[in-house]
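Engineer:
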Amino acid sequence: MSTTTPLPPSVIGHWIGGETAGAADGRTLDVTDPASNRPYAKVARGGPTDVARAVDAARTAFPAWAATAHHERARLLHRIADAVEERHDRLAAYESYDCGLPIGQAWGQARRAAENFRHFAGVITALGEEAFRQGEEQLSYVVRSPAGVAGLITPWNTPFMLQSWKLAPALAAGCTIVLKPAEWTPLSASLWPDILTTAGVPAGVANIVHGPGTEAGQALVDHPGAPLLSFTGSTTTGRHILRSCADHLKAASMELGGKSPVVVFADADRAAALDAVVFGVFSLNGERCTAGSRVLVQRPLYEEFTRRLADRAAGVRVGPPSEPATEVGPLVHADHYRRVLEYVRTGREEARLVAGGERPAHLPEGNYLQPVVLADVPRDARVFQEEIFGPVAAVTPFDDEDEAVDLANATPYGLAAYVWTSDLRRGHRIAHAVDSGLVWINSHNVRDLRTPFGGTKASGVGREGGARSIDFYTESKAVHVALGEPRRPRLGGGP
Ligand code: NAD
Numbered sequence: 001m002s003t004t005t006p007l008p009p010s011v012i013g014h015w016i017g018g019e020t021a022g023a024a025d026g027r028t029l030d031v032t033d034p035a036s037n038r039p040y041a042k043v044a045r046g047g048p049t050d051v052a053r054a055v056d057a058a059r060t061a062f063p064a065w066a067a068t069a070h071h072e073r074a075r076l077l078h079r080i081a082d083a084v085e086e087r088h089d090r091l092a093a094y095e096s097y098d099c100g101l102p103i104g105q106a107w108g109q110a111r112r113a114a115e116n117f118r119h120f121a122g123v124i125t126a127l128g129e130e131a132f133r134q135g136e137e138q139l140s141y142v143v144r145s146p147a148g149v150a151g152l153i154t155p156w157n158t159p160f161m162l163q164s165w166k167l168a169p170a171l172a173a174g175c176t177i178v179l180k181p182a183e184w185t186p187l188s189a190s191l192w193p194d195i196l197t198t199a200g201v202p203a204g205v206a207n208i209v210h211g212p213g214t215e216a217g218q219a220l221v222d223h224p225g226a227p228l229l230s231f232t233g234s235t236t237t238g239r240h241i242l243r244s245c246a247d248h249l250k251a252a253s254m255e256l257g258g259k260s261p262v263v264v265f266a267d268a269d270r271a272a273a274l275d276a277v278v279f280g281v282f283s284l285n286g287e288r289c290t291a292g293s294r295v296l297v298q299r300p301l302y303e304e305f306t307r308r309l310a311d312r313a314a315g316v317r318v319g320p321p322s323e324p325a326t327e328v329g330p331l332v333h334a335d336h337y338r339r340v341l342e343y344v345r346t347g348r349e350e351a352r353l354v355a356g357g358e359r360p361a362h363l364p365e366g367n368y369l370q371p372v373v374l375a376d377v378p379r380d381a382r383v384f385q386e387e388i389f390g391p392v393a394a395v396t397p398f399d400d401e402d403e404a405v406d407l408a409n410a411t412p413y414g415l416a417a418y419v420w421t422s423d424l425r426r427g428h429r430i431a432h433a434v435d436s437g438l439v440w441i442n443s444h445n446v447r448d449l450r451t452p453f454g455g456t457k458a459s460g461v462g463r464e465g466g467a468r469s470i471d472f473y474t475e476s477k478a479v480h481v482a483l484g485e486p487r488r489p490r491l492g493g494g495p
């Protein structure tokens, strides 16, 4: 399929049917650099016409891709992983420049994205289909077929890696896709066309439409030609998208926000717990869905731990994202920066500010913030209840196990939780009692891609990871075969 709208220079275009294209009506959006908030590029501003073209391209490519043998799709996924790894430096530079991610942390992004492709190549190769036998009477077996065109909508934090987390299982399962990246951070998605083409993925199998969520995103959600929608983003948007999906009876997978607790008992390995807390809430600029942003500390350790956490926060090196020594870079966008600063202001009223909260003096422009520690945070405080999505830790004391669990579960969210204790039986008890999709005991955010990923309560609907992702992107059909003479009730045949 050919889309012919000319592309002006320095515009990040859509990618539809294997060709780069501007928006049908020629409109663009400015893309800003978070270190200066100055526009450095434009991105195509997609709307319903662009989405319709992309869905058409994906529908055209679907039959051949769906019919491609699973081992051939797996081979292509490995080649995509190779192509991602080959662009390691460029990807890190793009994510760092566009999102403000410290370059030292952006270097891991290509490896993680490539891992996603290799993982789902393995899953699709190993996955069997089920069979059930009822004695000699009947055999039932299940066939999976790709569900069609999948709409993928992704957020601005670690955008390329999160796109790969959806692209890999969708392509492995035999779906064709239309991806709508976040409008604030479109730069790294511009690497996909070269990566997918180099790997040999046929034109139209993967398509990208940029633009605002309310225009391009909503058009994708509402397009009847894409029966699946996988979304990662905020709970507010997810709730709205789920309502729209209900109108179209679309299957939806929702990976949403979090306000994850880190429960630190007095018997914990204090140094390890402190390192993990600091990394868990301040790495990736605190813009991480599984950030341990509520630090619950047992009272005998509380004062000491809070003081040491404040010292470490004050020592975090805030700086330009391109400098290797930088530990926290500028927040992604001026609007988000204002929102986080507003939470810091609220936090000063609701709790005790013990570190950070100001723009570092040596960084007069850009979205820079010295990491924040708020102590004595009550459970009904907004900074305890609401996702801030920035480098802000809320610290609260607890007395015993029951209170720890009660506080851990006292928000609308349920994505991740972390427990630090040298009593492993207690670690398991807490892990089982906390209402969340993920728990780590004496560890930070180390993933195993075979395990289910997702949240409870306001943090999501459904789980992805391993075979669960393939379940989402495929339809199952049960085929029943009579082996013997089936019982044959006769109606209308008389006595
Ligand atoms: P967001 O909800 O504002 O936007 C996410 C995506 O949805 C963007 O591409 C946006 O353009 C699009 N969108 C917005 N309105 C839409 C609409 N009406 N219809 C269709 N699409 C629409 O989220 P964000 O600010 O980009 O990302 C941060 C959020 O993502 C945080 O809440 C974070 O916790 C969450 N997140 C969750 C996970 C997870 O796995 N659970 C991972 C990363 C981020």
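Under UniProt numbering, the final residue of the sequence shown carries the number 495; numbering is consecutive throughout. Just so you know, even glycine gets a beta-carbon here, dropped at the ideal spot from N, CA and C. Small disclaimer: the values here were computed from a predicted structure and weren't measured.
1. Quick check: the Cα distance between E183 and T346, rounded to an integer number of angstroms?
2. Measuring alpha carbon to alpha carbon, tell me which of G233, A199, A226 ends up nearest G213.
3. Can you find the residues in the same chain that come closer than 6 Å, C-beta to C-beta, to V262, ignoring five residues on each side of it along the sequence?
4. Can you give me the C-alpha to C-alpha distance between Q109 and G484, rounded to a whole angstrom?
5. With H, G and I counted as helix, E and B as strand and the rest as coil, what does DSSP make of E475?
6. Short of 8 Å in beta carbon distance, which residues of its chain neighbour D399, apart from the five on each side in sequence? Order them along the chain.
7. Out of A273, D194, T68, L242, which has the shortest C-alpha to C-alpha gap to G217?
8. What residues match up with I430 in a beta bridge as DSSP calls it?
9. Going along the chain, which unbroken runs of the alpha helix (DSSP H) with 4 or more residues stay wholly within the segment 80-167?
10. Return helix, strand or coil for D30, following the three-state DSSP convention.
11. Who pairs with H14 in a beta bridge, going by DSSP?
12. Hey, how far is the Cα of G148 from the Cα of E475?
13. Please report how far the alpha carbon of F62 lies from the alpha carbon of I177, in whole angstroms.
14. What residue does the beta strand (DSSP E) around Y418 start on, and which one ends it?
15. In terms of DSSP beta bridges, what is P261 paired with?
16. What is the rounded straight-line gap between the Cα of T60 and the Cα of A168?
17. Would you tell me roughly how many angstroms separate the C-alpha atoms of D56 and V84, rounded to the nearest one?
18. So, is A482 buried or exposed, given that buried needs 16 or more other C-beta atoms within 10 angstroms?
19. Under 8 Å by Cβ, that's how I've got G13 and G22 pegged, so tell me the actual separation to the nearest angstrom.
20. Select from S422, V344, A113 the residue whose C-alpha is nearest the C-alpha of A355.
21. Quick check: the Cα distance between L256 and G135, rounded to an integer number of angstroms?
22. Can you tell me whether A182 sits near the ligand NAD, meaning its C-beta is under 6 Å from at least one heavy atom of the ligand?
23. At which residues does the beta strand (DSSP E) containing E255 begin and terminate?
24. Which residue marks the beginning of the beta strand (DSSP E) containing A393, and which one marks its end?
25. Run through DSSP, which three-state label would A368 get?
26. Please classify R487: is it buried, with 16 or more other beta-carbons within 10 angstroms of its beta-carbon, or exposed?
27. Hey, quick one: how far does the alpha helix (DSSP H) through T306 stretch, first residue to last?
28. Compare the Cα-Cα distances from P321 to each of Q105, I470, G47 and report the closest residue.
29. With 16 other CB atoms within 10 Å as the buried threshold, where does F132 fall?
30. If we require 3 or more residues per run, which beta strand (DSSP E) segments fall completely within the segment 161-215?
31. Rank S244, T396, D380, T154 by C-alpha distance to the C-alpha of L309 and give the top, closest one.
32. Have a look at residue 498 and H119 and give me their C-alpha separation to the nearest angstrom.
33. May I have the straight-line CA-CA distance separating G455 from C245, to the nearest angstrom?
34. Take R53 as the anchor and find which of A219, V201, G100 has the nearest alpha-carbon.
35. Which residues in the same chain as R468 place their Cβ atom closer than 7 Å to its Cβ, once the five residues preceding and following it in sequence are excluded?
36. Starting from P48, trace the beta strand (DSSP E) both ways and give me its first and last residue.
Structural biologist: Judging by the given coordinates:
1. Your numbering for residue 183 matches position 183 in the sequence shown. Your numbering for residue 346 matches position 346 in the sequence shown. Distance between the alpha carbons of E183 and T346 is about 28 Å.
2. In the sequence shown, residue 213 corresponds to position 213, counting from 1. Looking only at G233, A199, A226, the smallest Cα-Cα distance to G213 is reached by G233.
3. Looking up residue 262 in the sequence shown gives position 262. Only residues of its own chain outside the window of five on either side were considered, and among them V277, G292, V295, Y418 have a CB closer than 6 Å to the CB of V262, listed in chain order.
4. The residue labelled residue 109 in the question sits at position 109 within the sequence shown. The residue labelled residue 484 in the question sits at position 484 within the sequence shown. Roughly 56 Å separates the two Cα atoms.
5. In the sequence shown, counting from the first residue as 1, residue 475 sits at position 475. It is a strand residue.
6. Here residue 399 corresponds to residue number 399 of the sequence shown, with the count starting at 1. These residues qualify, in order along the chain: Q298, R299.
7. Here residue 217 is taken as the residue at index 217 of the sequence shown, counted from 1. Of the candidates A273, D194, T68, L242, the one whose C-alpha sits nearest the C-alpha of G217 is L242.
8. As a first step, residue 430 must be located in the sequence shown, where it is residue number 430. Paired residue(s): none; I430 is not in a bridge.
9. List check, alpha helix (DSSP H) in window: 88-99, 103-106, 109-126.
10. Locating residue 30 in the sequence shown gives position 30, counting from the first residue. DSSP, reduced to helix, strand and coil, places D30 within a strand of the structure shown.
11. Mapped onto the sequence shown, residue 14 falls at position 14. In the DSSP output, where bridge partners are listed per residue, H14 has A21.
12. Within the sequence shown, residue 148 is the residue found at index 148, counting from 1. Within the sequence shown, residue 475 is the residue found at index 475, counting from 1. Cα atoms of G148 and E475: separation of roughly 9 Å, rounded to the nearest angstrom.
13. Taking the first residue of the sequence shown as 1, we reach residue 62 at position 62. Taking the first residue of the sequence shown as 1, we reach residue 177 at position 177. Taking the CA atoms as reference points, F62 sits about 9 Å from I177.
14. Locating residue 418 in the sequence shown gives position 418, counting from the first residue. In the DSSP assignment, Y418 falls within the beta strand (DSSP E) that extends over 416-420.
15. Here residue 261 refers to the residue found at position 261 when the sequence shown is read from its first residue. Paired residue(s): R294.
16. For the purposes of this step, residue 60 is taken as the residue at position 60 of the sequence shown. For the purposes of this step, residue 168 is taken as the residue at position 168 of the sequence shown. Our two residues, T60 and A168, have alpha carbons roughly 20 Å apart in a direct line.
17. One-based indexing of the sequence shown puts residue 56 at position 56. One-based indexing of the sequence shown puts residue 84 at position 84. When the Cα atoms are used, D56 and V84 turn out to be separated by approximately 27 Å.
18. What you label residue 482 is simply residue 482 of the sequence shown in a count that begins at 1. Under a 10 Å Cβ-count criterion, A482 is classified as exposed, with fewer than 16 other Cβ atoms of the shown protein chains found around its own Cβ.
19. Indexing the sequence shown from 1 puts residue 13 at position 13. Indexing the sequence shown from 1 puts residue 22 at position 22. Their Cβ separation, rounded to whole angstroms, is 6 Å, which keeps G13 and G22 in contact under 8 Å.
20. For the purposes of this step, residue 355 is taken as the residue at position 355 of the sequence shown. Taking each of S422, V344, A113 in turn and checking the Cα distance to A355, the smallest one comes out for V344.
21. For the purposes of this step, residue 256 is taken as residue 256 along the sequence shown, with counting starting at 1. For the purposes of this step, residue 135 is taken as residue 135 along the sequence shown, with counting starting at 1. Using only the alpha carbons, I get a separation of about 45 Å.
22. Locating residue 182 in the sequence shown gives position 182, counting from the first residue. Indeed, a heavy atom of the ligand NAD lies less than 6 Å from the Cβ.
23. Taking the first residue of the sequence shown as 1, we reach residue 255 at position 255. Counted as a single uninterrupted DSSP element, the beta strand (DSSP E) harbouring E255 occupies residues 251-255.
24. Along the sequence shown, read from residue 1 onward, the residue named residue 393 stands at position 393. Taken as a continuous stretch (DSSP letters only), the beta strand (DSSP E) holding A393 covers 392-398.
25. As a working mapping, residue 368 is identified with position 368 in the sequence shown. Strictly speaking, residue 368 in this sequence is Tyr, with Ala absent from that position. Collapsing the DSSP output to three states places Y368 in coil.
26. Along the sequence shown, one-based indexing puts residue 487 at 487. Classification of R487: exposed, given that the 10 Å Cβ count is below 16.
27. Against the sequence shown, residue 306 aligns to sequence position 306. Looking at the DSSP string, the run of the alpha helix (DSSP H) that includes T306 is 299-315.
28. Working through the sequence shown from its first residue, we reach residue 321 at position 321. Per the Cα distances, Q105.
29. Here residue 132 is taken as the residue at index 132 of the sequence shown, counted from 1. F132 comes out exposed.
30. DSSP runs (the beta strand (DSSP E)) wholly in the segment 161-215: 176-180, 206-208.
31. Here residue 309 refers to the residue found at position 309 when the sequence shown is read from its first residue. Comparing Cα positions, the closest option is T396.
32. Residue 498 is absent from the model: the chain starts at 1 and stops at 495.
33. On the sequence shown, residue 455 is found 455 positions in, with the first residue counted as 1. On the sequence shown, residue 245 is found 245 positions in, with the first residue counted as 1. One C-alpha to the other measures close to 19 Å.
34. Reading the sequence shown from its first residue, position 53 is the one you call residue 53. Of A219, V201, G100, the residue nearest in Cα terms is A219.
35. Start at 1 with the first residue of the sequence shown, and residue 468 comes out as number 468. Excluding residues within five positions, the ones whose Cβ falls inside 7 Å are P452.
36. If you number the sequence shown from 1, residue 48 lands on position 48. First-last for P48: 48-67, but that is the alpha helix (DSSP H), not the beta strand (DSSP E).
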